[in-house]
Amino acid sequence: MSDTATPFGTTFPDPQTTQPARPSAREIDATLRRLAELKTTGLRGDYEKQGSFLYIEDFLPREFTERLIAAVKDVTPAINRNYLPGHKAGGSVSSHNIDNLAPFIADLYRLPALIKWLETISDDKLQLSPADDPHAYALYFYSKPGDHIGWHYDTSYYDGRRYTLLLGVIDDSSCRLDYELHTKNPAVPDQPGSVQYLPGGFVFFDGNKLRHRVTPLGENEMRVSLTFEYVTDPNMKPFKRFISNMKDSIAYFGFGQVFRRKGGKNGDA
Ligand SMILES: [Fe+2]
């Protein structure tokens, strides 16, 4: 539980109307300082030992966490609720809506210092997801009892690897991120684990390697999580594009957000 958490629809933080849309120099400085404080060598080793998975309890500078919590209210009109019987229930806000309603999040996603730091941890060259990918940066809302997502991988439909960064925004819930390490490595026994990443918390992993789920939300609970997706090769074969678009439309953002660009990559699918 968190002292910053609030039940959905009741007492959101006040609109931060005086804040600039972009991160201030002070916030960026705070982020750079925070990244410099982290003991990268040890964390890189942890990431490797855990089969391309890393959890950091306290990652984001407080300034950023507060901005993210405020952004939740700004994006609320754009939440798309979805329900896949037996697998998933919850709400999502796509990167396209975030661009319009909370551009601060898009700036955080593109922050060169953050990407460089993630490259050090993953020992991989990371690229931004293509502009037409609604998952590039997205907010996930768990706001109704039972909201959850079942066991899955964040499978890459791209030609290269797909990395997921999760950042805790609001957590007034009993939800857990359960995971299993090493499931794709026959040389190492599977290793189960579970975390509750609170506001400012960080989870980073290779989407093809980490089997994971989020356990169901209880009564009078709320949880909001921010996800960033980075890739090593932004190209995607047409059939995989079709599968990816269908999955995103049905399970996450709705057809309007996924097929919004006629003639673009998604429109071609
Ligand atoms: Fe996932």
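Each residue of the sequence shown is one higher than the one before, counting from 289 in the numbering used here.
Think of the CB as a built atom: it goes at the ideal place given N, C-alpha and C, for glycine as much as any other residue.
For the beta strand (DSSP E) holding residue i, just list the boundary residues, first then last.
i      : result
LYS376 : 376-381
GLY542 : Where GLY542 is concerned, there is no enclosing beta strand (DSSP E), given that its DSSP letter is neither H nor E.
PRO480 : 479-483
SER491 : The question names Ser, but residue 491 in the sequence shown is Val. Note, VAL491: beta strand (DSSP E), 490-494.
GLU517 : 510-519
LEU372 : 368-372
LEU342 : 341-344
ARG501 : 499-502
So residue i and residue j are supposed to be a Cβ contact under 8 angstroms. How far apart are they, rounded?
i      : j      : result
TYR451 : TYR518 : 5 angstroms
HIS436 : VAL502 : 6 angstroms
SER380 : ALA426 : 6 angstroms
LEU469 : GLY339 : 5 angstroms
ARG511 : TRP439 : Contact doesn't hold; Cβ gap of about 18 angstroms is too wide.
LEU389 : ILE403 : With 8 angstroms as the limit, LEU389 and ILE403 do not qualify as a contact, their Cβ atoms being about 23 angstroms apart.
GLY448 : TYR485 : With a Cβ gap of about 26 angstroms, GLY448 and TYR485 do not count as contacting.
LEU454 : SER513 : 6 angstroms
PRO311 : ASP395 : 5 angstroms
ASN370 : TYR540 : 6 angstroms
PRO349 : THR328 : About 17 angstroms; that fails the 8 angstroms criterion.
GLU345 : GLY481 : About 14 angstroms; that fails the 8 angstroms criterion.
GLY358 : ILE393 : According to the sequence displayed, residue 358 carries Ala and not Gly. The pair is not a contact, with the Cβ atoms about 11 angstroms apart (cut-off 8 angstroms).
What is the residue span of the alpha helix (DSSP H) that residue i lies within?
i      : result
MET534 : 526-536
SER410 : 400-410
PHE352 : 350-363
ARG263 : The displayed coordinates of the chain run from 289 to 557. Any statement about residue 263 would go beyond what the structure contains.
LEU560 : Since the first and last residues shown for the chain are 289 and 557, residue 560 lies out of range.
ARG332 : 328-337
Using the beta carbon as the reference atom, which residues fall closer than 6 angstroms to any heavy atom of ligand 1, ordered along the chain?
Listed along the chain, these residues meet the criterion: HIS440, ASP442, HIS500.
Count Cβ pairs between the segment 493-501 and the segment 434-445 that sit closer than 8 angstroms; are there 3 or more?
These segments touch.
When the Cβ atoms of the segment 466-479 are set against those of the segment 509-527, are three or more pairs found closer than 8 angstroms?
Between the segment 466-479 and the segment 509-527, the count of C-beta pairs closer than 8 angstroms stays below three; the two stretches do not touch.
Is the segment 431-438 in contact with the segment 343-361, if contact means three or more CB pairs nearer than 8 angstroms?
Cβ pair count under 8 angstroms is below three, so no.
For the structure I just gave you, are there three or more beta carbon pairs, one from the segment 399-416 and one from the segment 458-475, closer than 8 angstroms?
Taking one beta carbon from each stretch, the segment 399-416 and the segment 458-475 have fewer than 3 pairs nearer than 8 angstroms; the two do not touch.
Is it a yes or a no for the segment 408-421 touching the segment 362-375, going by three-plus beta-carbon pairs under 8 angstroms?
Fewer than three beta-carbon pairs drawn from the segment 408-421 and the segment 362-375 are found closer than 8 angstroms, and the two stretches are therefore not classed as touching.
Within the segment 430-474, ranges of the alpha helix (DSSP H) (whole runs, at least 4 residues)
None, since the segment 430-474 contains no complete alpha helix (DSSP H) of that length.
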